[in-house]
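S.K.: Structure in structure tokens, see below.
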Amino acid sequence: MNALDALNDLLAREFPYLADHRVTELTDRGLTMRADPTGFQIRPGGTVSGPDQMRIADYAGYALVKHTAGHTLSVLLRNVSLSFLEAPAPRALTARATLLKLGKRTAEVRGDVLDDTRRLVATAALTYTVR
């Protein structure tokens, strides 16, 4: 089994309720995750809710740290700063997570959320505790 399939299997076991989120690309320092719109909450005006945008950014960051630091380690979100840049339509979203730094106990990740036209709709700085 390749690393991409192993990571998706791990995520499916840990978060079965997020089956519509899949890692589609994986490198040592980054990954791309796609989320189908089936579970999104739609806000008035026809836009994907902020919590759903935050969820895909966090989930992609979590997956990247798990892949990089080790599948058996505990990874907990410690801090996040998220900026909403555009209001995405209720279609598939993509998150690109980039590992900025991996220390013994913390990981710093940048998470960008893009809509189905590849327009940047949100960006996040995520800090995880690794133990």
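If you read the sequence shown in UniProt numbering, its first letter stands for residue 1, the second for the next number, and so on.
Ideal placement from N, C-alpha and C gives every residue a C-beta, glycine not left out.
These numbers were taken from a predicted model, which means no experiment stands behind them.
For A19, collect the residues of the same chain with a Cβ closer than 7 Å to its Cβ; drop the 5 residues on either side in sequence, then sort them by chain order.
M.R.: Correct list, in chain order: A12.
S.K.: Below 8 Å on the Cβ atoms is my contact criterion, and I expect A3 with A60 to pass it. Report the Cβ-Cβ distance as a whole number of Å.
M.R.: Between A60 and A3 the Cβ distance is about 15 Å, and since that is not below 8 Å, they are no contact.
S.K.: Would you mind reading off the limits of the beta strand (DSSP E) that contains R34?
M.R.: It spans 30–35 - the beta strand (DSSP E) in which R34 sits, taken as one unbroken run.
S.K.: For L120 versus L126, is the C-beta distance shorter than 8 Å?
M.R.: Their beta carbons are not under 8 Å apart, which means L120 does not touch L126 by this criterion.
S.K.: Can you tell me where the beta strand (DSSP E) with H21 in it begins and where it stops?
M.R.: Per DSSP, H21 belongs to the beta strand (DSSP E) from 21–26.
S.K.: Would you mind stating whether P90 and P37 have Cβ atoms separated by less than 8 Å?
M.R.: Yes; because the gap between Cβ atoms is below 8 Å, this pair is in contact.
S.K.: Candidates D116, L102, T123: which alpha carbon is nearest L85's?
M.R.: Answer by Cα proximity: T123.
S.K.: Does the separation of the CB atoms of D58 and L77 fall below 8 Å?
M.R.: Against a cut-off of 8 Å, the Cβ pair of L77 and D58 comes out as a contact.
S.K.: Going by C-alpha distance, which of A87, M33, K104 is nearest A69?
M.R.: Here the closest residue by C-alpha is K104.
S.K.: Would you check if the distance between the CB atom of A107 and the CB atom of Y128 is smaller than 8 Å?
M.R.: Going by C-beta atoms, A107 is nearer than 8 Å to Y128.
S.K.: What separation, rounded to the nearest whole angstrom, lies between the Cα atoms of R29 and T47?
M.R.: One C-alpha to the other measures close to 30 Å.
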